[in-house]
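Enquirer:
Numbering (the numbering used here), first residue to last: 648 to 1037.
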């Protein structure tokens, strides 16, 4: 039987049921309204009794009069809670604001023999403070290690921090430069002077048998682009000996003593692989005249230069090690670097003449197909004094 059938058969029961439901709704609404009014009137009273605060002067008067039963002091919060004598145990504590560092309060409490308790800050945990300091120290150490790794160079690895003072020289046990004297043209005079160095590196016994000494250092001087670096590669390729190549600017760092350490490490490796060839490109970056800068010069650069001078001609001999350096500013080099025993042989690499330009063009066009109408001699006559770079 559906709802409509029930209403038709018993309309009185349905009407009475609706009346009872409506009465129940009105009773529920009325009770909710009464409860809301009661709570709104009682909650402020409860909050006031719970958070009842007393002035500091009244608090001291209660102590002197002996009315206080117990006191809880929160030093970090500058707050105290107390109970008066005669109050029930379940009664709420009264609060009072304290002054900072008030020793007189403790004296009064001890004089009146009041039971008081000092409660630390509930949010304060000594373990958290220790962990925070430890974490801060770890961050500082991590940033310092990252700084050392970046300063050490772009080729830094996991062990680069320990090798901070090691030499950055590029080392080849057997020369793989792929350049010989055949590939160098336009500087025939320099090639002839360096042929003696190549012969010594290949057959040192020919010189030691007659007591001859080979120059310890050879300085290549010339304008930019004349082929000084290419000539050093050709010497290594002709001799076929271990070859160390490094730039003068790679010795100098911001930390004093690092450059000198790298010089020592470079010559230590060279002694272990003698006879060998050490090439220092742009030596004027580290070999400038000492004491010429503002305030006496750069201490790091001067210490690096002093170590280089000692390694080239100091107490220990470097037999079998030939140092070749290149620069286009010999006028700013230190005089101690140019004296006999160090860079005692200076080779000037000039700009090519007509013959040199013709040889350079022939080298660059060696593996290229040229039209029969192209005349290298005509081009060479138009470009005398041009650098040898393509």
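Using N, Cα and C, we set each Cβ at its ideal position, and we do this for glycine too.
(1) So is residue 712 buried or exposed if we call it buried at 16+ other beta carbons inside 10 Å?
(2) Given this structure, state the Cα-to-Cα distance separating residue 795 from residue 784, to the nearest angstrom.
(3) In whole angstroms, give me the CA-to-CA distance for residue 952 and residue 786.
(4) So for residue 724, helix, strand or coil by DSSP?
(5) Take every Cβ of the region 987-1001, pair it with every Cβ of the region 862-870, and state whether three or more of those distances are shorter than 8 Å.
(6) According to DSSP, simplified to helix, strand and coil, what is residue 1033?
(7) CB residue 928 to CB residue 894, shorter than 7 Å?
(8) Would residue 881 and residue 925 be called neighbours here (beta carbons separated by less than 7 Å)?
(9) Which complete beta strand (DSSP E) runs does the region 954-1023 hold, if anything under 3 residues is left out?
(10) Around the Cβ of residue 873, are there at least 16 other Cβ atoms within 10 angstroms (buried) or fewer (exposed)?
(11) Would DSSP call residue 1026 helix, strand or coil?
(12) With DSSP run on the structure shown, which of helix, strand or coil describes residue 766?
(13) Looking at residue 716: is its Cβ nearer than 7 Å to the Cβ of residue 737?
(14) Take residue 869 and list the residues in its own chain whose beta-carbon comes closer than 7 Å to its own, dropping the five residues that flank it on each side.
(15) How big is the Cα-Cα spacing for residue 1001 and residue 836?
(16) Grouping DSSP H, G and I as helix and E and B as strand, with all else coil, what is residue 742?
(17) Hey, out of 766, 884 and 779, whose CA is closest to residue 841's CA?
(18) Spell out the partners DSSP gives residue 926 in its beta bridges.
(19) How long is the line joining the alpha carbons of residue 1022 and residue 958, rounded to whole angstroms?
(20) Nearest CA to the CA of residue 878: which residue from 744, 850, 723 and 830?
(21) Can you tell me the Cα-Cα spacing of residue 1033 and residue 986, whole angstroms?
(22) Does the Cβ-Cβ distance between residue 746 and residue 756 come in under 7 Å?
(23) What is the C-beta distance between residue 979 and residue 948, in whole angstroms, given that I count them as a contact (C-beta under 8 Å)?
(24) From the DSSP output, which residues share a beta bridge with residue 865?
(25) For residue 905, does the three-state DSSP call read helix, strand or coil?
(26) Compare the Cα-Cα distances from residue 1004 to each of 1026, 710 and 937 and report the closest residue.
(27) Apply the 10 Å Cβ neighbour rule to residue 735 and answer buried if 16 or more other Cβ atoms are within range, or exposed otherwise.
(28) Would the beta-carbon of residue 967 fall within 7 Å of that of residue 932?
(29) Classify residue 693: buried if its beta carbon has 16 or more other beta carbons within 10 angstroms, exposed otherwise.
Expert: Taking the geometry as given:
(1) exposed
(2) 17 Å
(3) 37 Å
(4) coil
(5) yes
(6) coil
(7) yes
(8) no
(9) 968-974 and 992-995
(10) buried
(11) helix
(12) coil
(13) no
(14) 875, 975, 995, 996 and 997
(15) 15 Å
(16) strand
(17) 884
(18) 892 and 971
(19) 50 Å
(20) 830
(21) 32 Å
(22) no
(23) At roughly 12 Å, the Cβ-Cβ gap does not stay under 8 Å, so residue 979 and residue 948 are not in contact.
(24) 971 and 992
(25) helix
(26) 1026
(27) exposed
(28) no
(29) Residue placement at residue 693 cannot be trusted, given a pLDDT of 38 that sits under 50; what the coordinates show is reported in the next sentence. Classification of residue 693: exposed, given that the 10 Å Cβ count is below 16.
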